[in-house]
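Residue numbers (the numbering used here): 20 to 120.
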């Protein structure tokens, strides 16, 4: 079964922010990072339950899972029916305290 992958506006903003930041240091690395995150996100269309659950600090109506990309970025997403919603793309080197999707 293939799931439809959707990106929240916040996840798109996160992606843009991370790619821009990396691009300021190394322009050549920015497209690679962007591609890595997008490919990882789109890969969730098949067997999205393969990644572990992420414990949310607040109650959230769906189970949130995390996919780590390049050891530095975390894609937080939920699976509802036949869709995968990517909520956030976070820098794994930062604390997630007080995170609200």
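Built from N, CA and C at the ideal position, the CB exists for glycine as well.
Exercise. Please say whether residue 60 and residue 83 have beta carbons closer to each other than 8 Å?
Key: On the chain shown, residue 83 is found 64 positions in, with the first residue counted as 1. On the chain shown, residue 60 is found 41 positions in, with the first residue counted as 1. Here residue 83 is not near residue 60, since their CB atoms are 8 Å or more apart.
Exercise. Starting from residue 95, trace the beta strand (DSSP E) both ways and give me its first and last residue.
Key: The count along the chain shown starts at 1 and reaches residue 95 at position 76. First-last of the beta strand (DSSP E) with residue 95: 92-99.
Quiz item: Quick one, are the C-beta atoms of residue 107 and residue 29 less than 8 Å apart?
Solution: Taking the chain shown and counting its residues from 1, one reaches residue 107 at position 88. Taking the chain shown and counting its residues from 1, one reaches residue 29 at position 10. In contact: residue 107 and residue 29 (Cβ atoms closer than 8 Å).
Exercise. List the DSSP bridge partners of residue 108.
Key: Within the chain shown, the letter at position 89 stands for residue 108. Beta-bridge annotation (DSSP): residue 108 is paired with 94.
Quiz prompt | Exposure of residue 73, with buried meaning 16 or more beta-carbon neighbours within 10 Å | solution = As a working mapping, residue 73 is identified with position 54 in the chain shown. Within 10 angstroms of the beta-carbon of residue 73 lie 16 or more other beta-carbons, which makes it buried.
Quiz item: Around the C-beta of residue 99, are 16 or more other C-beta atoms found within 10 angstroms, so that it is buried, or is it exposed?
Solution: Position 80 of the chain shown holds residue 99. Taking every protein chain shown into account, the CB of residue 99 has fewer than 16 other CB atoms within 10 angstroms, so this residue is exposed.
Self-check item: Paired residues, beta bridge with residue 69 - DSSP
Solution: Locating residue 69 in the chain shown gives position 50, counting from the first residue. In the DSSP output, where bridge partners are listed per residue, residue 69 has none listed.
Self-check item: Cβ pair residue 97, residue 81 closer than 8 Å
Solution: Taking the first residue of the chain shown as 1, we reach residue 97 at position 78. Taking the first residue of the chain shown as 1, we reach residue 81 at position 62. For residue 97 and residue 81, yes; Cβs fall inside 8 Å.
Practice problem: Would you grab the beta carbon distance between residue 85 and residue 70 for me? Rounded to a whole angstrom, and I think it's under 8 Å. | Solution: The sequence position of residue 85 within the chain shown is 66, counting from 1. The sequence position of residue 70 within the chain shown is 51, counting from 1. Taking the Cβ atoms as the reference, residue 85 lies roughly 6 Å from residue 70, within the contact range of under 8 Å.
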